[in-house]
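Chains as they are written, first to last, in the numbering used here: chain D, 517 to 674; chain W, 517 to 674.
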């Protein structure tokens, strides 16, 4: 399957455009110490997310981003580049969320989305379910987080 | 099993204190329109999360919180009340994340955590895995989100 840049995906795409096996990759987002701390103070105030000095004495050996923060940064890339702006209705959930490697200040994250399954809804024929594997990569190409997401996407001429 | 208030949990608890079947409930957090929009502009800029007027024309009929924002608000309650401050090492991931009902401005969310399983690590005998069902409830007692989390927790006298 073609490896589509993200800016060729999303936008005005509809259910029919999400072909199983296709892979889309995004641009990058820079992870900053300031943003790691700001997010964590508000939502995940554990010392290895909020205090660069105290974090050195933890198993992480330094400040790491909250896993929920990594998910949020990935979501920004997904919304900007992958989700349809005209046909995406929302998501009932995600599965198998895995935080595989620490995300640290200075990392540059990108997202790779692989369409796993596209299934027309039986109860609502104007839409379908798109199941995708989302992988978050750092600047070394290492997958730091992954999850499987489900999106509800309207069909063309819905 | 006793229904422990959150302030009786967390704190200095260790692996041995997470007993399968026990249930812990938290205090509440108020969801504001301002915070919904602020989070979504940064991490999930879809119109039903960022624009109260345009959101009325969507399937949600008004502004709703990003699912990742709901997860982050729940995490704050979990960290403040449930996770051990001395023995919690982190989480390899979560499963079966479900966004079940819309979360709207003015909602008051709380968290109910049920310990599903506590298993001593075979490779690292100083710690164990605690698997929990996390349910996020609104002011009407309706479960708006749920997921199953795994936490690595050090044993007493680790």
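Backbone N, C-alpha and C define an ideal beta-carbon position, used for all residues, glycine too.
**OP:** Starting from residue 624 of chain W, trace the beta strand (DSSP E) both ways and give me its first and last residue.
**Re:** 624-636
Original post:
For residue 663 of chain W, which beta-bridge partners are listed by DSSP?
Top reply: W/650
Original post:
Alpha carbon to alpha carbon, what distance is there between residue 641 of chain W and residue 671 of chain D?
Top reply: 53 Å
Subject >> residue 644 of chain W in three-state terms, based on DSSP >> reply: strand
Subject >> Cβ shell of residue 584 of chain W (< 7 Å), same chain only, five flanking positions each side left out >> reply: 559 and 560
Original post:
Rounded to whole angstroms, how far is the Cβ of residue 593 of chain W from the Cβ of residue 631 of chain W, which I believe are closer than 8 Å?
Top reply: That pair is no contact at about 16 Å.
Original post:
Taking only beta-carbon atoms, is residue 520 of chain W less than 8 Å away from chain D?
Top reply: Here residue 520 of chain W scores only 49 on pLDDT, less than 50, and its place in the model should not be relied on; the value that follows carries that caveat. By this cut-off, residue 520 of chain W is not an interface position.
Original post:
So the alpha helix (DSSP H) residue 566 of chain D belongs to, where does it begin and stop?
Top reply: 563-566
**OP:** Determine which residues of the region 601-615 of chain W have a Cβ less than 9 Å from any Cβ of chain D, and write them out in chain order.
**Re:** 601, 604, 605, 606, 607, 608, 609, 610, 611, 612, 613, 614 and 615
Original post:
Which same chain residues, not among the five before or five after residue 649 of chain W, have their C-beta less than 6 Å away from its C-beta?
Top reply: 630, 632 and 664
**OP:** Show which residues of chain W have a CB atom less than 9 Å away from the CB atom of residue 598 of chain D.
**Re:** Within chain W, no residue comes near residue 598 of chain D; the closest Cβ sits about 12 Å away, beyond 9 Å.
**OP:** Pull up the DSSP beta-bridge partners for residue 609 of chain W, would you.
**Re:** D/614 and W/666
**OP:** Could you round the C-beta distance between residue 578 of chain W and residue 620 of chain W to whole angstroms and report it? I think they count as a contact, below 8 Å.
**Re:** 7 Å
**OP:** Look at the alpha carbon of residue 661 of chain W and the alpha carbon of residue 547 of chain D, and state the distance between them as a whole number of angstroms.
**Re:** 28 Å
**OP:** Using a Cβ cut-off of 8 Å (strictly closer), state whether residue 560 of chain W contacts chain D.
**Re:** yes
Subject >> Interface residues of chain W facing residue 577 of chain D [CB-CB closer than 8 Å] >> reply: In chain order: nothing, as chain W lies at least about 13 Å away.
Original post:
Can you name the residues of chain D whose CB is closer than 7 Å to the CB of residue 595 of chain W?
Top reply: 560, 561 and 562
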